[in-house]
Ligand SMILES: Nc1nc2c(c(=O)[nH]1)N[C@H]1C(S)=C(S)[C@@H](COP(=O)(O)O)O[C@H]1N2
Ligand SMILES: [Mo]
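If you want it as structure tokens, here you go:
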């Protein structure tokens, strides 16, 4: 296939010429080492991402808000409630490994950037398809990482709904990643074997030369290399140190407790000290909850069909109180385990006349965000540790942590633990 106006033998000046790319470090070995690291990290991020989708329980109306992906919005299984830290570990891995992989991804993209400027841009139909799949791969990767990182920062610079877009993007990226990995595996093995795997790491700056030609896979090796300014070891060391730094940061906020101090760049810091001194996702002020909302007139309404219970905080405190140590496990990767006390959701359902397999729709006092409502699954409600919490660590919840009452339960995504609870609507599962 010949494209009009394109002379395949003479690329335009600039990046389309191979002579433009002069780093002596680029080559199949370097790209393969970085690719190997991604081959370990990205599957963990992808699997935990899809598991998190299962934990959201998208079958349950509101939980899958804004998404109608038909068969792709598949529901894996009922996310277990044992052990209670399961979702915290899942999300801790998703975010921590995701952040740690990002510098490696950027280095990998740097290592292959000459391919973006191939000349001619399209040679054959097969070549066009290959480049299209690479566009999906690189575009999908950048989209997933950038939207994920912006979401952690609550920087909604994009006009679309994060969850829906990130989930769609995951399908595109995972599909493109799997096919790319399958196609490139033989080249990767060849490139690593040709240089005795990690042997180039022993070369200092003075021994650093362009990689030797590798038949069929030498398009990344520069044709007129510059003198090196750093060794491959230094390059990989720098990328690895950046990755390790993010790993420690992320682990600090995922594990919480004393390790939280390691996460000094984490966006959700603990507010104050004492029993309520643990991270706050959205403050009462941000959710526009005022003192008037939570005065003595506050009632929790438990709706079950035609029947509605209206319970004051004193009435809730007069019901059997249960205490459990449970983590808040935010989808953004941080978690914190606290001692919560309150009334079982199943006791409230029974008081309203519904026993057995039920679900509960929660609603917050102020509805000004998608986090102000959620649905609890029947598995979650039948776990006796799923509570409407009134107290934390022996004292009343602070306003920022959801006073007068909030949901908390084992392995429930933080976003479903509705604060400033106003209504619980109980329905048969
Ligand atoms: N009404 C309401 N409930 C909410 C939220 C919210 O914004 N509004 N944020 C949720 C999210 S995303 C998390 S992670 C937890 C955090 O609880 P905390 O702020 O007490 O740590 O509360 C959840 N409950
Ligand atoms: Mo969250």
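Residue numbers (this note's numbering): 1286 to 1714.
Glycine included, each C-beta is placed from N, C-alpha and C at the ideal position.
On a predicted model such as this, the values are computed, not experimentally measured, just so you know.
Beta-carbon separation (whole angstroms), residue i vs residue j, contact threshold 8 Å
i, j, result
"residue 1616", "residue 1699", "6 Å"
"residue 1379", "residue 1337", "6 Å"
"residue 1614", "residue 1373", "4 Å"
"residue 1677", "residue 1623", "5 Å"
"residue 1591", "residue 1637", "Actually they are not in contact, since the Cβ atoms of residue 1591 and residue 1637 sit about 11 Å apart, beyond 8 Å."
"residue 1357", "residue 1456", "6 Å"
"residue 1340", "residue 1375", "7 Å"
"residue 1647", "residue 1709", "6 Å"
"residue 1306", "residue 1507", "6 Å"
"residue 1639", "residue 1697", "In fact, because the Cβ distance is near 20 Å, the residues do not count as touching under 8 Å."
"residue 1574", "residue 1684", "7 Å"
Environment of residue i [buried if 16+ CB atoms lie within 10 Å]
i, result
"residue 1371", "buried"
"residue 1657", "buried"
"residue 1497", "exposed"
"residue 1367", "exposed"
"residue 1688", "buried"
"residue 1645", "buried"
"residue 1533", "exposed"
"residue 1523", "exposed"
"residue 1713", "exposed"
"residue 1599", "exposed"
"residue 1325", "exposed"
"residue 1304", "exposed"
"residue 1346", "exposed"
"residue 1413", "exposed"
"residue 1569", "buried"
"residue 1285", "Residue 1285 lies beyond the stretch modelled for the chain, which goes from 1286 to 1714, so this question has no answer here."
DSSP state of residue i mapped onto helix, strand, coil
i, result
"residue 1300", "coil"
"residue 1595", "strand"
"residue 1612", "strand"
"residue 1510", "coil"
"residue 1662", "coil"
"residue 1624", "strand"
"residue 1490", "helix"
"residue 1644", "strand"
"residue 1528", "helix"
"residue 1503", "coil"
"residue 1697", "coil"
"residue 1285", "One cannot answer for residue 1285 here, as it falls past the ends of the chain, which runs 1286 to 1714."
"residue 1650", "coil"
"residue 1294", "coil"
"residue 1589", "strand"
"residue 1344", "coil"
"residue 1545", "helix"
"residue 1657", "helix"
"residue 1681", "strand"
"residue 1629", "strand"
"residue 1429", "helix"
"residue 1384", "helix"
"residue 1309", "coil"
"residue 1704", "coil"
"residue 1574", "coil"
C-beta contact flag for residue i and residue j at 8 Å
i, j, result
"residue 1426", "residue 1447", "no"
"residue 1477", "residue 1317", "yes"
"residue 1626", "residue 1675", "yes"
"residue 1483", "residue 1393", "no"
"residue 1399", "residue 1505", "yes"
"residue 1629", "residue 1664", "no"
"residue 1310", "residue 1520", "yes"
"residue 1531", "residue 1369", "no"
"residue 1619", "residue 1564", "yes"
"residue 1722", "residue 1649", "Only positions 1286 to 1714 of the chain appear in the structure, and residue 1722 is not among them; the question remains open."
"residue 1502", "residue 1296", "no"
"residue 1690", "residue 1601", "yes"
"residue 1651", "residue 1705", "yes"
"residue 1642", "residue 1605", "no"
"residue 1544", "residue 1537", "yes"
"residue 1428", "residue 1454", "yes"
"residue 1541", "residue 1608", "no"
"residue 1389", "residue 1516", "no"
"residue 1423", "residue 1416", "no"
"residue 1405", "residue 1300", "no"
"residue 1485", "residue 1495", "no"
"residue 1421", "residue 1461", "yes"
"residue 1433", "residue 1377", "no"
"residue 1692", "residue 1686", "no"
Within-8 Å CB hit, residue i to chain B
i, result
"residue 1513", "Note that chain B does not occur in the displayed structure, where there is just one protein chain."
Check: residue i C-beta below 7 Å from any heavy atom of ligand 3
i, result
"residue 1704", "The model on display carries ligand 1 and ligand 2 but not ligand 3."
Check your understanding: Within the structure, which residues are defined as neighbours of ligand 2 by a Cβ-heavy atom distance below 6 Å, reported in chain order?
Key -> 1566, 1615, 1616, 1617, 1699, 1700
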